[in-house]
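Undergrad:
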Amino acid sequence: MEHVEPGFWWVGMKSDKLQVMLHGKQIATYTPRIDYPGVQIKGIHKLSNPNYLFLDLQIAPATRSGKFDIRMQQGNQQFTIPYELKAREKGAAERRGFGPSDVILNLMPDRFANGDAGNDRLPGFVDKLDRNDASAGRHGGDLKGIRDHLGYIAGMGYTMLWPTPVVENNQLAYSYHGYAATDYYKIDARLGNNEEYRQLVADAKKQGIGVIQDIVLNHIGDGHWWMKDLPSKDWLSYNSEFVPTYHARTTASDPYASAIDKKNFTQGWFEVHMPDMNQNNPLVANYQIQNTIWWIEYAGLAGIRADTYGYSDPGFLTEWSRRIMHEYPHLTLVGEEWSDNPNLVAHWLRGHKNANGYVSHMPSMMDFPLHDTLRKALVAPENLHSGFATLYEALINDQLYPQPSSMVLFEGNHDVSRLYSALDEDLDLFKMAITYVATMPRTPQFYYGTEILMTSTKHRDDGAFRKDFPGGWAGDAVNAFTGEGLTARQLEAQAFIKKLLNWRKTQSAIHGGKLMHFAPQNGIYVYFRYNQKRKIMVVMNKNMTETELTTVRFAEILPANAKAKDVLSGQDFELAQKIKVAARGVMLLEID
Numbered sequence: 001m002e003h004v005e006p007g008f009w010w011v012g013m014k015s016d017k018l019q020v021m022l023h024g025k026q027i028a029t030y031t032p033r034i035d036y037p038g039v040q041i042k043g044i045h046k047l048s049n050p051n052y053l054f055l056d057l058q059i060a061p062a063t064r065s066g067k068f069d070i071r072m073q074q075g076n077q078q079f080t081i082p083y084e085l086k087a088r089e090k091g092a093a094e095r096r097g098f099g100p101s102d103v104i105l106n107l108m109p110d111r112f113a114n115g116d117a118g119n120d121r122l123p124g125f126v127d128k129l130d131r132n133d134a135s136a137g138r139h140g141g142d143l144k145g146i147r148d149h150l151g152y153i154a155g156m157g158y159t160m161l162w163p164t165p166v167v168e169n170n171q172l173a174y175s176y177h178g179y180a181a182t183d184y185y186k187i188d189a190r191l192g193n194n195e196e197y198r199q200l201v202a203d204a205k206k207q208g209i210g211v212i213q214d215i216v217l218n219h220i221g222d223g224h225w226w227m228k229d230l231p232s233k234d235w236l237s238y239n240s241e242f243v244p245t246y247h248a249r250t251t252a253s254d255p256y257a258s259a260i261d262k263k264n265f266t267q268g269w270f271e272v273h274m275p276d277m278n279q280n281n282p283l284v285a286n287y288q289i290q291n292t293i294w295w296i297e298y299a300g301l302a303g304i305r306a307d308t309y310g311y312s313d314p315g316f317l318t319e320w321s322r323r324i325m326h327e328y329p330h331l332t333l334v335g336e337e338w339s340d341n342p343n344l345v346a347h348w349l350r351g352h353k354n355a356n357g358y359v360s361h362m363p364s365m366m367d368f369p370l371h372d373t374l375r376k377a378l379v380a381p382e383n384l385h386s387g388f389a390t391l392y393e394a395l396i397n398d399q400l401y402p403q404p405s406s407m408v409l410f411e412g413n414h415d416v417s418r419l420y421s422a423l424d425e426d427l428d429l430f431k432m433a434i435t436y437v438a439t440m441p442r443t444p445q446f447y448y449g450t451e452i453l454m455t456s457t458k459h460r461d462d463g464a465f466r467k468d469f470p471g472g473w474a475g476d477a478v479n480a481f482t483g484e485g486l487t488a489r490q491l492e493a494q495a496f497i498k499k500l501l502n503w504r505k506t507q508s509a510i511h512g513g514k515l516m517h518f519a520p521q522n523g524i525y526v527y528f529r530y531n532q533k534r535k536i537m538v539v540m541n542k543n544m545t546e547t548e549l550t551t552v553r554f555a556e557i558l559p560a561n562a563k564a565k566d567v568l569s570g571q572d573f574e575l576a577q578k579i580k581v582a583a584r585g586v587m588l589l590e591i592d
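In UniProt numbering, the protein residues as written are 1 to 592.
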């Protein structure tokens, strides 16, 4: 046998079905048999390639955990395949996902911290360590590097950790980013191993941090072991022939889209080195669904982030999201639909009424529309149709989202320019952006290095967007974990975010309160987050001079003779008449 996937499973799952893929020379010529109480073979699938056999197993609800053999026989020849059904951890099915009470940190393991230099160069991996190659080279960051700095991550105020994909990416080149899987069930050895990944999740939990796994459903890397021995010609889209997608993402819900364009978007290969999975093949679809469930159960995950979400077959995505949420009703799934069109993003959300009748079970999507608007609004001039006005008007799109607060709003990630650079290295605008992301009715997500004002080009440049985090490598002249070598401005930004995010942890009005905002006037934008217990007033001033703000306009929500303390400065304010807002200032007022 070369592969048995999944290599083990669990008793007590809500679904009593399990499909096991067996891969070995001429395995389809053998007859399988299982003699274990509660486990039955209900179906056998043979493909055009005799080196594969798929077994449909039924696991009765009362089946006990234990080990057994799958006995394979061909005439007088026979051998056994050991298998195990494990006991589930207590509360596994009821695990909590993430939501607006959390703050997510997105990082690239290869570029964050190198905790184990022993895995930097390994036999069998062609793509070697090269820190001089900022764009495509591997730099040596790993799981131990993340584990070593969980205290820093927790101290900054993050409660969820989203590393970019950690499964094996044994590609000839450009393998560090993780989005071209070559083994769905194995952690890339240059990052660590499966057990180290479990240990990272366990250690993170002790620090009050959940782990979100980044997965790619749409495609694999052309270095995947399947490519040397495909199960069938239709295992990949377009009968395993390279046909590029033209990225016509609106075809998913466009009432005028042609059938050929719809097919190309979901079945076209992402690029020549990233073959597209044919999820119209039920064996492919079930394999991917089970793989997601396996990682959630095995590692103890708090959620899943699905890359290039809309590129997958829509019917498959419905079933994938349904089955994951069936097994884990409190888990969170978030999809990437890289579009500034809120109608397109809303199409994939659970509870959204689609004109074409499409049904999804996805609880969350990345809020690319609001992310894009925020960045543009802050650097734009202030007038009736620009600046804060566009940010104010953008929130009307929340009526498209069944639960706006479930959306993940981010200031940056590994695919976009650094926030500080996008805002022309203006620290005042930077603080406004950070405050906005942290106080909107959303689940906020920040990118590693944002807190120390890491910079990049504004145009697309992956190497510039994904620089090493200073202090993550022995000998680094600057150490952001300790503050050594950081500039005064960097230390100010780091302290600002740390204070804001740790304050946010206890704010029920931010986690689940309502929003009321007032149309921007004279370069100032004001909004409130509130519930029955607490009111928070956020004030942003883009003017180059100190500006007086008359508070009577907010009487419908602001109590008479209200007093407040600015969380950021510690200053007390009387709100009965007017307050002065510092030039280019942001205020976060806790109202008494």
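Backbone N, C-alpha and C define an ideal beta-carbon position, used for all residues, glycine too. Note that the structure is predicted; figures quoted are calculated from it, not measured.
Going by DSSP, what residue range makes up the beta strand (DSSP E) through Phe518?
TA: Within the sequence shown, numbered from 1, the residue matching residue 518 stands at position 518. First-last of the beta strand (DSSP E) with Phe518: 514-521.
Undergrad: Check for me: the alpha helix (DSSP H) holding Met325 runs from which residue to which?
TA: For this step, residue 325 is matched to residue 325 along the sequence shown. From DSSP, the alpha helix (DSSP H) with Met325 extends over 314-327.
Undergrad: Can you grab the Cα-Cα spacing for the pair Met432 / Lys205, in whole Å?
TA: In the sequence shown, residue 432 corresponds to position 432, counting from 1. In the sequence shown, residue 205 corresponds to position 205, counting from 1. About 31 Å.
Undergrad: Assuming His3 is part of the beta strand (DSSP E), what are its boundary residues?
TA: In the sequence shown, counting from the first residue as 1, residue 3 sits at position 3. Its beta strand (DSSP E) spans residues 3-5.
Undergrad: Helix, strand or coil for His347, going by three-state DSSP, please let me know.
TA: Taking the first residue of the sequence shown as position 1, residue 347 is located at position 347. In this structure, His347 counts as coil in the three-state DSSP scheme.
Undergrad: Look up His23 in the DSSP assignment and give the residues it is bridged to.
TA: Translated into positions along the sequence shown, residue 23 becomes position 23. In the DSSP output, where bridge partners are listed per residue, His23 has His3, Tyr52.
Undergrad: Assuming the contact rule is C-beta atoms closer than 8 Å, Thr182 and Met108 should be a hit. Round their C-beta distance to whole Å, please.
TA: Residue 182 sits at position 182 when you count from the first residue of the sequence shown. Residue 108 sits at position 108 when you count from the first residue of the sequence shown. 18 Å between Cβ atoms; not a contact.
Undergrad: Would you say the segment 545-559 touches the segment 471-485, given that touching needs at least three Cβ pairs under 8 Å?
TA: Judged by Cβ distances under 8 Å, the segment 545-559 makes no contact with the segment 471-485, as fewer than three pairs qualify.
Undergrad: With distances taken from CA atoms, which of Phe316, Leu501, Asp127, Asn280 is nearest Gly178?
TA: Counted from its first residue, the sequence shown places residue 178 at position 178. The shortest Cα separation from Gly178 among Phe316, Leu501, Asp127, Asn280 belongs to Asp127.
Undergrad: How about Leu409 and Pro444: do their beta carbons lie closer than 9 Å?
TA: Reading the sequence shown from its first residue, position 409 is the one you call residue 409. Reading the sequence shown from its first residue, position 444 is the one you call residue 444. Yes, the pair counts as a contact, with Cβ atoms nearer than the cut-off.
Undergrad: Taking the beta strand (DSSP E) that Ile44 falls in, what are its first and last residues?
TA: Translated into positions along the sequence shown, residue 44 becomes position 44. Its beta strand (DSSP E) spans residues 39-46.
Undergrad: Does the Cβ of Val552 have 16 or more other Cβ atoms within 10 Å, making it buried, or fewer, making it exposed?
TA: Taking the first residue of the sequence shown as position 1, residue 552 is located at position 552. Val552 is exposed by the Cβ-count criterion.
Undergrad: One question on the structure: do residue 633 and Ala438 come within less than 9 Å of each other, judged by their Cβ atoms?
TA: The chain is shown from 1 up to 592; residue 633 falls before or after that span and cannot be answered.
Undergrad: Using a Cβ-Cβ cut-off of 8 Å (strictly less than) and excluding sequence neighbours within five positions of Asp307, which residues of its own chain qualify?
TA: On the sequence shown, position 307 is the one that residue 307 refers to. Excluding residues within five positions, the ones whose Cβ falls inside 8 Å are Pro165, Tyr179, Asp214, Ile215, Val216, Leu217, Asn218, Glu336.
Undergrad: Could you tell me the alpha carbon to alpha carbon distance between Leu105 and Ala346, rounded to whole angstroms?
TA: Along the sequence shown, one-based indexing puts residue 105 at 105. Along the sequence shown, one-based indexing puts residue 346 at 346. If you take the alpha carbons of Leu105 and Ala346, they lie about 24 Å apart.
Undergrad: Can you find the residues in the same chain that come closer than 7 Å, C-beta to C-beta, to Leu378, ignoring five residues on each side of it along the sequence?
TA: Sequence index remark: in the sequence shown, residue 378 carries index 378 (1-based). These residues qualify, in order along the chain: Leu423, Leu429, Met432, Ala433.
Undergrad: Specify the secondary structure class of Leu378 as computed by DSSP and reduced to three states.
TA: Here residue 378 corresponds to residue number 378 of the sequence shown, with the count starting at 1. Three-state result, Leu378: helix.
Undergrad: Ignoring anything shorter than 4 residues, give me the alpha helix (DSSP H) runs that lie fully in the segment 247-294, in order along the chain.
TA: Listed in chain order, the complete alpha helix (DSSP H) runs (minimum 4 residues) inside the segment 247-294 are 259-267.
Undergrad: In or out: Gly43 buried (at least 16 other Cβ within 10 Å) or exposed?
TA: One-based indexing of the sequence shown puts residue 43 at position 43. With fewer than 16 other Cβ atoms within 10 Å, it is exposed.
Undergrad: Buried or exposed: which applies to Ala519, given that a residue is buried once 16 or more other Cβ atoms fall within 10 Å of its Cβ?
TA: One-based indexing of the sequence shown puts residue 519 at position 519. Burial call: exposed.
Undergrad: Please classify Trp10: does DSSP put it in a helix, a strand, or coil?
TA: Locating residue 10 in the sequence shown gives position 10, where the first residue counts as 1. Reduced to three states, the DSSP call for Trp10 is strand.
Undergrad: By a C-beta neighbour count over all protein chains shown, 10 Å radius and 16 as the cutoff for buried, is Ala509 buried or exposed?
TA: For this step, residue 509 is matched to residue 509 along the sequence shown. Looking at its Cβ environment, which holds 16 or more other Cβ atoms inside 10 Å, Ala509 is buried.
Undergrad: Taking the DSSP output, what are the residues bridged to Gly205?
TA: Along the sequence shown, one-based indexing puts residue 205 at 205. Sequence inspection shows Lys at residue 205; the Gly mentioned does not correspond to that position. Answer is none; Lys205 lacks a bridge partner.
Undergrad: Note down, one range per segment and in chain order, each alpha helix (DSSP H) of at least 4 residues found wholly within the segment 438-484.
TA: As far as the segment 438-484 is concerned, its whole alpha helix (DSSP H) runs of at least 4 residues are 462-465.
Undergrad: Per DSSP, what are the beta-bridge partners of Ala564 in this structure?
TA: To locate residue 564, count along the sequence shown from 1; it is residue 564. Answer is Phe573, Ile591, bridged to Ala564.
Undergrad: Could you tell me the alpha carbon to alpha carbon distance between residue 625 and Tyr448, rounded to whole angstroms?
TA: Shown here, the chain extends from 1 to 592; a query on residue 625 therefore has no answer.
Undergrad: Just how far apart, CA to CA, sit Ala92 and Leu143?
TA: Counting from one through the sequence shown, the residue named residue 92 turns up at place 92. Counting from one through the sequence shown, the residue named residue 143 turns up at place 143. Their Cα atoms are separated by approximately 23 Å.
Undergrad: Taking 6 Å as the limit between beta carbons, can you name the residues of its chain near Met72, skipping five residues before and five after?
TA: Here residue 72 refers to the residue found at position 72 of the sequence shown. The answer, listed in chain order, is Tyr30, Pro32, Phe79.
Undergrad: Which residue wins for smallest C-alpha separation from Ala285, given the options Leu161, Ala302, Gly315?
TA: By 1-based counting over the sequence shown, the position of residue 285 is 285. Closest option to Ala285, Cα to Cα, is Gly315.
Undergrad: Starting from Trp503, trace the alpha helix (DSSP H) in both directions and tell me its first and last residue.
TA: Within the sequence shown, residue 503 is the residue found at index 503, counting from 1. That run of the alpha helix (DSSP H) goes 488-504.
Undergrad: DSSP three-state call for Glu195: helix, strand or coil?
TA: As a first step, residue 195 is located in the sequence shown; it is residue number 195 there, counting from the start. DSSP places Glu195 in helix when its eight states are reduced to three.
Undergrad: From Glu2, Phe8, Asp16, Pro6, pick the residue whose C-alpha is nearest to that of His326; which is it?
TA: Taking the sequence shown and counting its residues from 1, the one referred to as residue 326 is at position 326. Checked all of Glu2, Phe8, Asp16, Pro6; the closest Cα to His326 is Asp16.
Undergrad: Answer yes or no: the CB of His273 versus the heavy atoms of the ligand MG, is any distance below 8 Å?
TA: Summarising the ligand content, the structure contains no ligands, and the ligand MG is consequently not present.
Undergrad: List the endpoints of the continuous alpha helix (DSSP H) containing Phe125.
TA: In the sequence shown, residue 125 corresponds to position 125, counting from 1. No alpha helix (DSSP H) holds Phe125; DSSP gives it neither H nor E.
Undergrad: On the CB-based measure, 16 or more other CB atoms within 10 Å of its CB, does Ala60 come out buried or exposed?
TA: Sequence index remark: in the sequence shown, residue 60 carries index 60 (1-based). So Ala60 counts as exposed.
Undergrad: Exposed or buried, His149, counting other C-beta atoms within 10 Å across all chains shown (16 or more means buried)?
TA: For the purposes of this step, residue 149 is identified with residue 149 of the sequence shown, where counting begins at 1. So His149 counts as buried.
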